[in-house]
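Asks:
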Amino acid sequence: MNGMREVWLGRYEGELARIFAEATDGLSALPAPLADLASSLLKSFNPVASNSGEAGGGTNYICFLLPFWFKELTGCGDDLCRELAVGNVYAMLHFFLLDDVMDAKAVVDLKETRRALALGQMLHEAFKRRYGYYFPAESPLWERYETYLADWACAVADEGDQKADPANPAALARKSAPVKLCAAGMLLVSGRAERLPQMEEALDLALATLQLSDDWADWREDLAEDGERRNAFLTLVRRALELPSNQPLEERLVKRGIYRIGCLRELVGIAKGHHEKLVNMPEVPEALLAFHADIVMGLEKDAIETEERVDQLAAEGGLSMLLSNLSNK
């Protein structure tokens, strides 16, 4: 585990085990077969259940651990952090199921769709119950939730209508907007509501970088599934290649953007710009900074490996063949 990961993950590994244990217990009374589906989902998202020893699914980690990252800044207690973290697990699964049903491929099995929607509603109630221990119905937190929920709804409803913009962090973060709710709640509890705008801007930057990282990792899958418009990295490639809007973006063209034009390096530059802004903001939790730095380091590592491959091919006389193949296919 590298030094950055120790800051944002290592010191909280015990809490992760406890969070998922409590989340599992909280769903034990669900009716079958919803209980089986819930158990399977929890296991698939539980990093403690993995034997890999490596952190994966960065967006999921921010869902689980954000309350603990804000603990020192807000002075909130462990009990509140755990309740919000468990509530976040339920909310994450709720939105995952909704996203899955919105995917056309998921609607093929009507019975499966019904179960997913039914469990999603149960998970949403479980999330509200956990948050409700500290935030009653009249709490201003629920106004923030409506705002974040509206951001999410607009993002998923409009997905694909407009190209994902790699230079617009607020837009990139909209689909993950509900993640911000726990931090907002902790600021309200600690009497620091005036810090909400700065907190939201900081989290938008972190969530945007996560989205950029995911889009880089998923570009082949998105391209194959006609999902170019929702992938910010592919938007960056199309712009760099100056392709006309009516020309399809093919895999060979994306590779040309990566190997000849340096589109991945440009993506890294955007992520580094987000990090510079985060570092210069007041009162950004150390763990959130370390988490973001870890993501940027991962993108930087991929860019370096890509550039080393180009250099190796050039030294071996294979670069001209690679570039010729990319140009002629």
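Quick note on full-length UniProt numbering: the sequence shown kicks off at 1 and runs consecutively. Quick reminder that beta carbons are idealized off the backbone N, C-alpha and C, glycines included.
1. Excluding the five sequence neighbours on either side, which residues of its own chain have a C-beta within less than 8 Å of the C-beta of Arg30, listed in chain order?
2. Would you tell me roughly how many angstroms separate the C-alpha atoms of Cys76 and Leu241, rounded to the nearest one?
3. By the three-class DSSP mapping on this structure, what secondary structure does Glu146 have?
4. Checking the sheet assignment: what are the DSSP bridge partners for Glu159?
5. Please list the terminal residues of the continuous alpha helix (DSSP H) segment that includes Asp204.
6. Within 8 Å, do at least three Cβ pairs link the stretch 162–176 to the stretch 209–225?
7. I'd like the list of long-range same chain contacts for Cys182, defined as Cβ closer than 7 Å, with 5 residues on each side in sequence excluded.
8. So what's Val89 in DSSP terms, helix, strand or just coil?
9. What do you get for Ala55, buried or exposed, if any count of 16 or more other CB atoms within 10 angstroms of its CB means buried?
10. Does the stretch 8–19 come close enough to the stretch 282–300 to have 3 or more Cβ pairs within less than 8 Å?
11. Taking the alpha-carbon of Ala170 as reference, which of Val254, Met199 and Gly185 has the nearest alpha-carbon?
12. Pick out whichever of Ala184, Ala232 and Pro282 has its Cα sitting closest to the Cα of Leu80.
13. Tell me, to the nearest whole angstrom, how far the beta carbon of Glu251 is from that of Leu223; I am working on the premise that it is less than 8 Å.
14. Contact check, Leu249 vs Val268 under 8 Å by CB: the rounded distance?
15. So Ile258 is in the alpha helix (DSSP H); what residue range does that whole segment cover?
16. Return the residue from the list Ala271, Val279, Trp142 and Pro282 that minimises the CA-CA distance to Leu299.
Replies: Reading off the structure:
1. To locate residue 30, count along the sequence shown from 1; it is residue 30. The identity of residue 30 in the sequence shown is Leu, whereas the question assumes Arg. Around Leu30: Ala38, Leu119 and Met122.
2. Reading the sequence shown from its first residue, position 76 is the one you call residue 76. Reading the sequence shown from its first residue, position 241 is the one you call residue 241. CA-to-CA, the gap between Cys76 and Leu241 works out to about 49 Å.
3. For the purposes of this step, residue 146 is taken as the residue at position 146 of the sequence shown. Here Glu146 sits in helix by DSSP.
4. Looking up residue 159 in the sequence shown gives position 159. Gln162.
5. As a working note, residue 204 is residue 204 in the sequence shown. Unbroken alpha helix (DSSP H) run through Asp204: Leu196 to Ala217.
6. Yes: the two stretches touch, three or more of their Cβ pairs being nearer than 8 Å.
7. The residue labelled residue 182 in the question sits at position 182 within the sequence shown. Result list for Cys182: Leu66, Pro67, Leu84 and Asn88, in chain order.
8. Looking up residue 89 in the sequence shown gives position 89. The answer is helix: DSSP assigns Val89 an H, G or I state.
9. Against the sequence shown, residue 55 aligns to sequence position 55. Because Ala55 sits at a pLDDT of 39, beneath the cut-off of 50, its placement in the model cannot be relied upon, and the point is left open.
10. yes
11. Locating residue 170 in the sequence shown gives position 170, where the first residue counts as 1. Measuring from the Cα of Ala170, the nearest candidate turns out to be Met199.
12. Counted from its first residue, the sequence shown places residue 80 at position 80. Check the Cα spacing between Leu80 and each of Ala184, Ala232 and Pro282: the tightest is with Ala184.
13. Start at 1 with the first residue of the sequence shown, and residue 251 comes out as number 251. Start at 1 with the first residue of the sequence shown, and residue 223 comes out as number 223. Right, the Cβ-Cβ distance comes to about 6 Å (below 8 Å), so this counts as a contact.
14. Your numbering for residue 249 matches position 249 in the sequence shown. Your numbering for residue 268 matches position 268 in the sequence shown. Wrong, their Cβ atoms sit about 21 Å apart, outside the cutoff.
15. Numbered from its first residue, the sequence shown carries residue 258 at position 258. First-last for Ile258: undefined, no H or E at that position.
16. Taking the first residue of the sequence shown as 1, we reach residue 299 at position 299. For the residues Ala271, Val279, Trp142 and Pro282, the minimum Cα distance to Leu299 belongs to Ala271.
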